[in-house]
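Just so you know, the protein sequences line up as chains W and Z, in that order.
For reference, each letter of the first sequence is one residue, going 1 to 146 in our numbering.
For reference, each letter of the second sequence is one residue, going 1001 to 1146 in our numbering.
Protein chains: 2
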Amino acid sequence: MNIGEAAKASGVSAKMIRYYEQTGLIPEAGRSAAGYRTYTTTEVQMLRFVRRARDLGFTVDRIAELLALWRDRSRHSADVKRLALSQVEGLRRKIREMEDMVATLEHLAHGCNGDHRPDCPILADLEGETSRVAQTSPTGAGFGRH
Amino acid sequence: MNIGEAAKASGVSAKMIRYYEQTGLIPEAGRSAAGYRTYTTTEVQMLRFVRRARDLGFTVDRIAELLALWRDRSRHSADVKRLALSQVEGLRRKIREMEDMVATLEHLAHGCNGDHRPDCPILADLEGETSRVAQTSPTGAGFGRH
DNA sequence: CCTTGACCTTCCCATGATTGGAAGCCCTAT
DNA sequence: ATAGGGCTTCCAATCATGGGAAGGTCAAGG
Chain W
1 MNIGEAAKAS
11 GVSAKMIRYY
21 EQTGLIPEAG
31 RSAAGYRTYT
41 TTEVQMLRFV
51 RRARDLGFTV
61 DRIAELLALW
71 RDRSRHSADV
81 KRLALSQVEG
91 LRRKIREMED
101 MVATLEHLAH
111 GCNGDHRPDC
121 PILADLEGET
131 SRVAQTSPTG
141 AGFGRH
Chain Z
1001 MNIGEAAKAS
1011 GVSAKMIRYY
1021 EQTGLIPEAG
1031 RSAAGYRTYT
1041 TTEVQMLRFV
1051 RRARDLGFTV
1061 DRIAELLALW
1071 RDRSRHSADV
1081 KRLALSQVEG
1091 LRRKIREMED
1101 MVATLEHLAH
1111 GCNGDHRPDC
1121 PILADLEGET
1131 SRVAQTSPTG
1141 AGFGRH
């Protein structure tokens, strides 16, 4: 199976498959005589594993740990569970930060007439010196595009 | 005021102040005879504005719009409100995605014994082919570090 | 046999916000 | 005068991903 088919079958783009191989997340694929990467169904399964883990918000580093556990037949399920719950904790933290932002923004927007006049408590708050409603932590759970 | 003091007073690091200036988010600062950037209290206020907006998860592009409105004395508060509510919408979308992830992970972890034995429904799910609980969208509201 | 188009290869670049570091200049206090 | 800290610019790295160029390969059809 070539990389394109493996990509389609796993849901991981060919670009990303090469990247994962390069960074050591997945082992180097075999090569055809012409130098094309070849994939077995087992490797496609591993790629699907990675994809699914990414969909659940795991970092690539975390996925490496998960893959190691996956391969380790003498693993303890406790280790897997710990990783999953730690992920939950991280997600919850981010969610809380964003909910704080939402609360602040909605409070400010609620006080804003939203008409043709320039006066706006949103801008007033951003200027500072006014009352803070839900001070968000400086870690910033931003809104990154990616 | 030098850049270091402006950084301390605004909560924006000197590095970021230079970056914001370079990318045009904020106007170029004045310079002392020796070439040091100098900041007035008005400029520090603008930096605080930027910092606060970042804390609320706004993109730099969005902050540029907010700053433009801030400076525009004939602005309509409706425009500001629209930006704020659009930001709320974006945050809510991310929150929903992450909540889906949390639900899935908790469901999987709940079925995992978490003991010394290797059997684990979390890994089984990641392998694929098993029942999906809360299929997350492929846009990925990851867990990015920044 | 040769061409065409789809696929593959490697390599480089860009994203967004931020941090780190190096090399060199400036200012203040001792 | 010298030490230290702060300032300058420039360059690089982060993380996961996509875009694209330049060139090799494969299968099908003329």
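Using N, Cα and C, we set each Cβ at its ideal position, and we do this for glycine too.
Secondary structure of W/T38 (DSSP, three-state): strand.
One alpha carbon belongs to Z/Q1022, the other to Z/K1094, and they sit about 30 Å apart.
In this chain, the alpha helix (DSSP H) harbouring W/E127 covers P121 to E127.
Only residues of its own chain outside the window of five on either side were considered, and among them F1049 have a CB closer than 7 Å to the CB of Z/W1070, listed in chain order. DSSP places W/G4 within a helical segment (H, G or I) once states are collapsed to three.
Counting only the Cα atoms, Z/G1030 lies some 46 Å from W/R54. For Z/A1014, there are no neighbours in chain W by C-beta distance under 9 Å, as the nearest C-beta there is about 16 Å away.
Counted as a single uninterrupted DSSP element, the alpha helix (DSSP H) harbouring W/T104 occupies residues S77 to H110. Interface residue (Cβ-Cβ distance to chain Z less than 8 Å): W/H107 is not classified as such. Of all alpha-carbon atoms in W/F58, W/A6, W/R62 and W/D61, the one lying nearest the alpha-carbon of W/Y36 is that of W/A6. At least one beta carbon of chain W lies nearer than 8 Å to the beta carbon of Z/L1126. Linking W/P121 to Z/M1046 through their CA atoms gives a straight-line distance of about 16 Å. Around the Cβ of Z/E1089, a 10 Å sphere holds fewer than 16 other Cβ atoms; the residue is exposed. W/K15 is classed as exposed because its beta carbon has fewer than 16 other beta carbons within 10 Å across all chains shown.
In summary, W/D119 is exposed, with fewer than 16 beta-carbon neighbours lying within 10 Å of its beta-carbon over all protein chains present. Rounded to whole angstroms, the gap between the alpha carbons of Z/K1081 and Z/L1066 is 10 Å. For Z/R1052 and W/T41, the gap between their C-alpha atoms comes out near 50 Å. Annotation for Z/V1060: the continuous alpha helix (DSSP H) segment containing it runs V1060 to R1071. Contact note: Z/E1099 reaches chain W through I95, using a C-beta cutoff of 7 Å and chain order.
Closest in alpha carbon position to Z/G1128, among W/T59, W/A124 and W/E43, is W/E43. Nearest to W/G114 by C-alpha distance, out of Z/T1104, Z/A1078 and Z/R1092, is Z/A1078.
In terms of Cα proximity to Z/L1056, the closest of W/A33, W/Q87 and W/A103 is W/A103.
Scanning chain W for C-beta atoms nearer than 8 Å to the C-beta of Z/V1102 yields V88, L91, R92 and I95, reported in chain order.
Residue pairing for W/R31: DSSP places it in a beta bridge opposite W/R37. DSSP, read as helix, strand or coil, puts W/I17 in helix.
The C-beta separation of W/T38 from W/M98 comes to about 43 Å, leaving the pair out of contact by the 8 Å criterion. Secondary structure of W/S74 (DSSP, three-state): coil. Look at W/Q45: its C-beta is under 8 Å from a C-beta on chain Z. Distance check between Z/L1083 and each of W/L25, W/G24, W/E106 and W/G11 places W/E106 closest, using alpha-carbon atoms only.
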